[in-house]
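So this is what it looks like as structure tokens:
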């Protein structure tokens, strides 16, 4: 049997829920934007926004491999769809809503979230005049705890399945108008599920300023690295999207941390929240709190947190300058969309 025959057999035999299968010929309203991520194995040609399917929920399609394509790429893409099936539903994870796998090209349809990614939302909170459904884009300390607790619940859900996220950051979280966050970009979790570890090629693409020391030292990743990154996420939220370690070049982060240095407390950050950040940033991964312990700390701090004073940062963000300081590609923050 030639490779084409093997492809046909793989598509025929792939085990996918009938509830996920979508009629390919149905007419969808689409918007094509430049592709930005590679998903670890192929360059995407487009991200297609699929609007108004199953009521008023908007979704985004991720194109799969296009013909001609190798057997390995098809198997990998189907594996990613099956990974979402394996995960199941969680309100704080982006959901798989549908797929087309009966023939090439393959598609997966992922849940979309309005207004978009958390980083862009934080930047919008710096403005005085922007509104959403008649409400100001405001954020309080108590709301930061509210968002943070839900991200920890998503990480606990992954940990129960012997997984971790690997790149916890505001840019990898979608936020609803009621401030319900949804962790997205689960490609590293898929690699752990499929291969038992994150490949060195994928690890090298993760921005250094969010990585725990053990990962900067090229040691195996774990959920304890996500806890370190969660502390960076708290910093992002309380500063309304400032880049971490603004005075440190990305390539000097490891040396900075090896000198037992951590970020100073931002002026907008309470001592209680900063103490939580510091426990996330302990050098030894074994000395960092467990997810359940961290959740208890956030719940305790939330009870006395300020729910009236709105966080304020007067300066607007220039994305290109932010990308340079943060050590990420500028194009990776130019669009808000959910991909695996």
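Residue numbers (this note's numbering): 16 to 355.
For each residue, glycine too, the CB sits at the ideal point set by N, CA and C.
For clarity, every value in this text was computed on a predicted model and none was experimentally measured.
{"Check": "Within its chain, find whatever has a CB closer than 7 Å to the CB of residue 49; leave out the 5 residues flanking it on each side and keep chain order.", "Outcome": "Since pLDDT at residue 49 reaches only 33, below the 50 mark, its modelled position is unreliable, and the value read off the structure follows with that caveat. Excluding sequence neighbours, residue 49 sits near nothing in its chain."}
{"Check": "Can you say whether residue 95 is buried or exposed, counting buried as having 16 or more other CB atoms within 10 angstroms of its CB?", "Outcome": "buried"}
{"Check": "Skipping 5 residues on each side, what residues in its chain have a beta carbon closer than 8 Å to that of residue 163?", "Outcome": "245, 248, 249, 252 and 313"}
{"Check": "Near residue 284, what residues of its chain come up, given a Cβ to Cβ distance below 7 Å and the 5 sequence neighbours on each side ignored?", "Outcome": "253"}
{"Check": "Let me know the beta strand (DSSP E) ranges lying completely inside the region 154-197, each 3 residues or longer, listed in chain order.", "Outcome": "188-191"}
{"Check": "With a 10 Å radius around its C-beta and 16 neighbouring C-beta atoms as the bar for buried, classify residue 290 as buried or exposed.", "Outcome": "exposed"}
{"Check": "Taking the alpha-carbon positions, what's the residue 221 to residue 182 distance?", "Outcome": "7 Å"}
{"Check": "Quick check: residue 107 and residue 179, are their CB atoms within less than 9 Å of each other?", "Outcome": "no"}
{"Check": "Anyone know if the C-beta pair for residue 110 and residue 122 falls short of 9 Å?", "Outcome": "no"}
{"Check": "Does the structure place the region 295-305 close enough to the region 126-137 that three or more beta carbon pairs sit under 8 Å?", "Outcome": "no"}
{"Check": "Taking the alpha carbon of residue 282 as the reference point, which residue from 271, 329 and 300 has its own alpha carbon closest?", "Outcome": "329"}
{"Check": "I need the DSSP call for residue 126, collapsed to helix, strand or coil.", "Outcome": "strand"}
{"Check": "Alpha carbon to alpha carbon, how far is residue 321 from residue 228?", "Outcome": "32 Å"}
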